[in-house]
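Novice: Taken in order, the sequence shown gives residues 1 to 238; the numbers are from full-length UniProt numbering. For glycine and all other residues, C-beta sits at the position ideal for the given N, C-alpha and C. Since the model is a prediction, treat every value here as computed from it, not as a measurement.
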Amino acid sequence: MTTSTDHLIESTAALADTYSHSLGGGVCTEEEPDAGVDVQRMTNAGLLASMAATFEVVRLGQALLIREAGELNDRFEHDTGIAAQTGNRNAAAALTDIGHISMAEAGRLVRVGKATKPRTSLIGEHLPPEYAEVARAVNAGELTVDSALYITANLEQAAPRATTEDLDAAEKELVEFAVTNPVDSVRKLSIRYRDALDVDGVEPREEVLVSRRGLKRMVLPNGMKRYILDADPVSAAY
């Protein structure tokens, strides 16, 4: 019988094999295992291979956490009694207790989980996730939490003024880019797609940035004065 954890189990086994191979088959020792000592013995190629395998396991673990966070959020929103059971007011707060993570990280898991969770119609029909391509890539361990969040958040901002066809095409192209590029590049490209899809929304967003310009003056305990300048992108260019 196959389960949704099979891919994670397989990748974990592959990591163990890669790690052992990078160590030349492993070393028998009476001392406690020490990863710090292990990685020092690896060649450059072995270290890089081990890290690539480790990152794949991490992404698949994150994928499972995203699914769980999405379901947890749904149960909080539908008042299933889980708030009383956990003593938390929402899913993000519960995740901080369960995983000992920050509220910011918990919030990212919940947002991506919600955006990629399979939906149900009013008559009980199963519907694909709102961002089906992102969901597929996340489940396959191809996409990180942060990349998934940048893609879905920016497409959500563009959605009111963009066509469904354009949004679907943008989602597919962004996912294809994200699986082979770092998060910072995904963030920048997602913003460009958002602005291209929602030209009318660019000006209001720029107005918000302009409204947040300011100069703050702080007096430090030692008597020194610190000035903090917040400048919008256009003003900061001069």
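Span of the beta strand (DSSP E) holding Ile123?
Specialist: Unbroken run through Ile123: none, as it is neither H nor E.
Novice: Check this for me: beta carbons of His7 and Leu65, under 8 Å apart or not?
Specialist: No; because the gap between Cβ atoms is not below 8 Å, this pair is not in contact.
Novice: Does Leu167 come out as helix, strand or coil in the three-state DSSP assignment?
Specialist: Correct three-state label for Leu167: helix.
Novice: Determine the DSSP secondary structure at Val219, reduced to helix, strand or coil.
Specialist: Correct three-state label for Val219: strand.
Novice: Check Leu197 in the structure and name its three-state DSSP category.
Specialist: In the structure shown, Leu197 sits in a helix (DSSP, three-state: H, G or I).
Novice: Would a C-beta distance cut-off of 8 Å place Glu130 and Ala115 closer than the cut-off?
Specialist: Contact flag set, yes.
Novice: Compare the Cα-Cα distances from Glu71 to each of Pro118, Arg89 and Arg217 and report the closest residue.
Specialist: The shortest C-alpha separation from Glu71 is found at Pro118.
Novice: Within 10 Å of its beta-carbon, does Gly212 have 16 or more other beta-carbons around it, so buried, or fewer, so exposed?
Specialist: The amino acid occupying residue 212 in the given sequence is Arg; Gly does not appear at that position. Burial call: exposed.
Novice: If we ignore side chains and look at the alpha-carbon of each, how far apart do Leu127 and Ala135 end up?
Specialist: So the two alpha carbons sit approximately 13 Å from each other.
Novice: Kindly give me the distance between the Cβ atoms of Ala92 and Gly107, rounded to whole angstroms, as I take these residues to be in contact under 8 Å.
Specialist: Sure, about 5 Å apart at Cβ, within 8 Å.
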